[in-house]
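Presented below is the structure to which this report refers.
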Amino acid sequence: MPGGSHRHALVIGAGLAGVAVCAQLARRGWHITLLDAASGPARGASALPVGMLSPHVTRAPTPLSRLSALGMQATLAELQRLVPQGRGWQACEVDNLGHDPGRWPAALVRPAALVQAWLVEAASRTTPHWQASVHRLERTASGLWRAVNAAGEMLVEAPVAVIAAAHGSHALLTDASGLMEPEHLPLRPVKGQMSLAELHGAPLAMRPQRDSGVFVPAYEDSGLPPEWPARLWAMGSTYTRGDSSTHLTPEAHEANAGSLQTICPPAADRLRSLQACGELRGWAQVRCASLDRLPLVGAVPDAVALSQHMAAAGFRRGRVPLEETPRRQGLYLLTALGSRGITLAHLCAGWLAADIEGEPAGAEPDLVAALDPARFAWRHARRQP
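Okay, so the sequence shown: first residue is 5 according to the numbering used here, each after it adds one.
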């Protein structure tokens with residue numbers, strides 16, 4: 005575990021994942037330098053006007069359902085502690101329709117409000133740098149991780165680096181930096197478009213409803229940025245794999261209307277009517293998902309050392325000893341939260357902070373292993389002759 009003056013980390017990415025890491029490390033006494041290419045925090049997928057914090061309910065437990073149950077408790081506690089209701093979130097219930105129907109406790113959340121609250125709490129130990137685009141990471145002779153921009157200029161260096169740049173993590177690790185093989189980091193962009201409008205009068209449903217997408221009949225937030233109405237309703241978002249664009253499309257609005265037709269037909273009619281008269285609004289951004297749709301949380305594997313380790317240890321086909329994986333010392337990853345960033349960011353950041361300090365995560369070992377960034381490198385190794 006790094007100690008004393010070495011308790012300095014650089015974190016790349018100022019969305020839910022990256023700022024959750026800043027908050028968790030700051031609570032442990034670390035100093036953090038936060039880098040983001042945007043002009044401020046929560047400017048990517050974490051700029052969602054309203055999202056859903058809720059469990060992922062399945063008939064039988066799955067890694068994602070177990071993670072979501074733990075993550076919902078952790079995030080709700082953070083909201084209750086740091087963000088006033090009505091200025092970034094509101095408690096509710098959600099009707100789950102279609103598969104695994106039921107009514108579950110939930111909350112409507114504006115992610116940027118939680119991101120900002122974490123930054124305020126960690127302000128004395130976090131130094132943010134905006135419009136600081138990282139082109140590559142280098143390991144120095146003295147064992148520090150150095151963030152370098154496209155002009156080759158050093159931005160910052162620290163003993164520990166955490167990459168939490170959503171889908172941008174892929175290029176940063178596999179292209180200019182060459183720290184991972186592309187097949188060891190199977191991340192995919194997933195575009196999401198939300199349809200929304202100002203709410204006039206009574207909402208068209210008593211509570212949020214979810215089937216293919218989430219229908220939010222009413223959300224009120226006095227802290228919303230001025231470009232959004234303080235009282236709105238929304239449907240979405242779409243889930244378009246492989247699309248890294250952020251422009252709004254009428255086709256995505258219609259996809260939301262089609263999903264809404266099975267949830268609340270009058271709301272679908274209103275959505276189409278507003279679109280026809282040009283009064284429908286929207287929001288679109290790109291999320292990041294892994295091949296198995298689980299996050300990547302932990303130390304980055306060293307592929308070269310892994311191959312050498314396999315040869316020396318007499319690697320047996322079918323054995324996947326993640327705990328034996330050689331790692332890039334001091335380099336960590338938190339990405340691929342998909343459409344569950346609100347639910348999973350704080351939980352995963354806490355596990356990552358424990359890992360950085362050499363402590364157990366305090367979670368079931370199989371869940372921690374399910375999120376290990378080395379899992380894809382081992383799966384690729386198993387397929388080799």
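Heads up, the beta-carbon is just placed ideally off N, CA and C, and yes, glycines get one too.
All figures in this text were calculated on a predicted structure; none of them were measured in a lab.
Report the partner residues of residue i according to the DSSP bridge assignment.
i	result
Ala-303	Tyr-336
Glu-327	Answer is none; Glu-327 lacks a bridge partner.
Asn-100	Gly-106 and Arg-214
Ser-199	Met-239 and Gly-286
Met-76	Paired residue(s): none; Met-76 is not in a bridge.
Leu-252	Paired residue(s): none; Leu-252 is not in a bridge.
Met-158	Val-152
Val-113	Gly-55 and Trp-93
Ser-294	Leu-191
Asp-38	Note on identity: in this sequence residue 38 is Leu, with Asp being the wrong assignment. Paired residues: Val-15 and Pro-132.
Phe-380	Phe-380 pairs with nothing; no bridge assigned.
Arg-143	Trp-149
Got a sec? Which residues, its chain only, sit under 7 Å from residue i by beta carbon, not counting five neighbours each side?
i	result
Leu-57	Met-76, Thr-79, Leu-80, Ala-110, Ala-111, Val-113, Ile-346 and Thr-347
Leu-14	Thr-37, Leu-39, Trp-149, Ala-151, Val-160, Ala-162 and Ala-165
Ala-374	Pro-67 and Leu-298
Arg-63	Asp-104
Arg-91	Ala-117, Asp-225, Ser-226 and Gly-227
Ser-241	Gly-196, Gln-197, Met-198 and Gly-217
Gly-7	With a pLDDT of 45 at Gly-7, under the threshold of 50, the modelled position of that residue is not reliable, and the figure given next carries that caveat. So the list is empty, once near-sequence residues are dropped.
Ala-206	none
Leu-371	Pro-67, Arg-70 and Leu-71
Val-61	Ser-69, Asn-100, Asp-104, Gly-106 and Trp-108
Arg-143	Trp-149
Is it buried or exposed, residue i, if we count other Cβ atoms within 10 angstroms and call 16 or more buried?
i	result
His-174	buried
Gln-28	buried
Gln-135	exposed
His-12	buried
Met-158	exposed
Asp-179	exposed
Arg-344	buried
Val-124	exposed
Ala-272	buried
Ala-145	exposed
Ser-181	buried
Ala-309	exposed
Cys-292	buried
Pro-132	buried
His-204	exposed
Ala-95	exposed
Pro-403	An answer regarding residue 403 cannot be provided, because it is not within the stretch 5 to 389 covered by the chain.
Gly-172	buried
Gly-282	exposed
So residue i and residue j are in contact, right, with Cβ under 8 Å, and what is the actual spacing, rounded?
i	j	result
Arg-331	Ala-303	4 Å
Leu-338	Val-119	That pair is no contact at about 14 Å.
Ala-46	Ala-18	7 Å
Leu-278	Met-239	With 8 Å as the limit, Leu-278 and Met-239 do not qualify as a contact, their Cβ atoms being about 11 Å apart.
Ala-357	Arg-32	6 Å
Leu-20	Pro-88	Contact doesn't hold; Cβ gap of about 19 Å is too wide.
Trp-93	Leu-86	That belief does not hold up - the Cβ atoms of Trp-93 and Leu-86 are roughly 10 Å apart, past 8 Å.
Ala-448	Ser-137	An answer regarding residue 448 cannot be provided, because it is not within the stretch 5 to 389 covered by the chain.
Within a Cβ cutoff of 8 Å, which residues of the same chain sit near residue i, ignoring the five residues on either side of it in sequence?
i	result
Ala-307	Met-184, Glu-185, His-188 and Ala-381
Thr-250	Lys-195, Ala-288, Gln-289 and Val-290
Leu-101	Gln-213, Arg-214, Asp-215, Thr-266 and Ile-267
Gly-147	Pro-163, Gln-333 and Gly-334
Pro-254	Gln-279
Once you ignore the five residues that flank residue i on each side, which residues in its own chain have a CB closer than 6 Å to its CB?
i	result
Ala-155	none
Met-5	Per-residue confidence for Met-5 stands at a pLDDT of 45, beneath the threshold of 50, marking its modelled position as unreliable; the derived number appears in the next sentence. Cβ within range, chain order: Glu-361 and Gly-362.
Leu-107	According to the sequence shown, residue 107 is Arg rather than Leu. Around Arg-107: Glu-97 and Asp-99.
Pro-59	Ser-72, Ala-73, Met-76 and Trp-108
Leu-351	Leu-74, Gly-75 and Ala-78
Ser-248	Pro-193 and Val-290
Tyr-223	Val-54, Leu-112 and Leu-236
Asp-359	Gly-302
Asp-376	Gly-302 and Leu-326
Arg-140	Val-152, Ala-180 and Ser-181
Met-210	none
Do residue i and residue j have their C-beta atoms closer together than 8 Å?
i	j	result
Ser-199	Asn-260	yes
Arg-245	Arg-285	no
Ala-126	Ile-16	no
Trp-355	Ala-340	no
Leu-252	Phe-219	no
Pro-221	Glu-202	no
Thr-329	Ala-378	yes
Ser-294	Pro-190	yes
His-10	Arg-129	no
Leu-208	Pro-305	no
Taking Cβ positions only, does residue i come closer than 8 Å to chain D?
i	result
Glu-142	No chain D appears in the structure shown, which is made up of a single protein chain.
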